[in-house]
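Residue numbers for the sequence shown follow my numbering, beginning at 1 and rising by one. For each residue, glycine too, the CB sits at the ideal point set by N, CA and C. Note that the coordinates shown come from a computational prediction; the quantities given were computed from them, not determined experimentally. One structure below.
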Amino acid sequence: MTWQQVVARTVSGLGYELVDLERSAGGLLRVTIDWPWVPGQDERAITVDDCERVTRQLQVVLEVEGVDYRRLEVGSPGIDRPLRQPHDYERFEGEVVEVTLRAPIGAAGAGVAAPARRRFRGVLRRGAVEGAWQLELLPEEPPVRSGARRAPAARARAAAAQDGATVPVLGFTLEEVREARLAPLVDFSGRRPAGRAPRA
Numbered sequence: 001m002t003w004q005q006v007v008a009r010t011v012s013g014l015g016y017e018l019v020d021l022e023r024s025a026g027g028l029l030r031v032t033i034d035w036p037w038v039p040g041q042d043e044r045a046i047t048v049d050d051c052e053r054v055t056r057q058l059q060v061v062l063e064v065e066g067v068d069y070r071r072l073e074v075g076s077p078g079i080d081r082p083l084r085q086p087h088d089y090e091r092f093e094g095e096v097v098e099v100t101l102r103a104p105i106g107a108a109g110a111g112v113a114a115p116a117r118r119r120f121r122g123v124l125r126r127g128a129v130e131g132a133w134q135l136e137l138l139p140e141e142p143p144v145r146s147g148a149r150r151a152p153a154a155r156a157r158a159a160a161a162q163d164g165a166t167v168p169v170l171g172f173t174l175e176e177v178r179e180a181r182l183a184p185l186v187d188f189s190g191r192r193p194a195g196r197a198p199r200a
């Protein structure tokens, strides 16, 4: 069993979902956890107590398994949470996400984006067929300052569709995606997007 499998088994055994796992050259293990998503149920926020619980258990298990590391960090997903599994896309449908494709969009981007473009930002929607997804594309924005909150998707979409203009749509499948994550958009009102629990 690999050390990645050891971590995944330990996290799931405690009732959490392993969102992300990183190991740096300096010996840092960074583990990101969340509560498993159950459609129709209110989302639960990961707390400091949750992170400490997982940390204590991982320290014991990693020592028993002989996994070499210098420091262990366990945390909750941030405002730029990665989307890795199919259920992540279902969970965050209607949210603003950033998608990087494995290959340039090519001829399919005619009238929508430059053929060499790979990275897109937009509101995530289901496609017309099973396994297909769409992005209601949003204009490119400058980088977000640290600590900014994500803006509601409806507000971002409204800003993109000024003067009744049609919002361009990009269709894709998960096999075409190299990386996807929630987009950290600035919300100057300071209000949390509806339906999303605060993160630890």
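Bounds of the beta strand (DSSP E) holding Ala132 are 132-137.
Inter-residue distance for Ala183 and Arg119 is about 12 Å (C-alpha atoms, whole angstroms).
For secondary structure counted as the alpha helix (DSSP H) over 4 or more consecutive residues, the segment 1-80 holds these complete runs in sequence order: 3-13, 48-65. By the C-beta density criterion, Thr32 is buried, having at least 16 other C-beta atoms within 10 angstroms. Membership of Arg91 in the alpha helix (DSSP H) is indicated by the continuous run 86-91. Counting the other CB atoms within 10 Å of its CB gives Glu95 a total of 16 or more, which places it among the buried residues. Contact between the segment 9-18 and the segment 55-64 is present: 3 or more CB-CB pairs across the two stretches fall below 8 Å.
Annotated three-state conformation of Glu179 is strand, per DSSP. Judged by DSSP in its simplified three-state form, Leu83 adopts coil rather than helix or strand. In this structure, Glu136 is the residue among Val38, Glu136, Val99, Pro104 with its C-alpha nearest to the C-alpha of Thr166.
Ranked by Cα distance from Thr173, the options Gly15, Ile105, Val38, Leu72 are led by Ile105.
Residue burial is scored here from C-beta neighbours: Arg71 has fewer than 16 other C-beta atoms within 10 angstroms and is therefore classed as exposed. Boundaries of the beta strand (DSSP E) around Val123: 119-126. Annotation: the continuous beta strand (DSSP E) that includes Gly171 extends over 169-173. By the neighbour-count definition (other C-beta atoms within 10 Å, threshold 16), Leu29 is a buried residue. For Tyr89 and Val67, the gap between their C-alpha atoms comes out near 32 Å. Residue range 96-101 is occupied by the beta strand (DSSP E) that includes Glu98.
Per the coordinates, the alpha-carbon of Ala45 lies some 25 Å from the alpha-carbon of Arg23. Per the coordinates, the alpha-carbon of Ala116 lies some 15 Å from the alpha-carbon of Glu176. For Leu83, the closest of Glu17, Asp50, Asp42 by C-alpha to C-alpha distance is Glu17.
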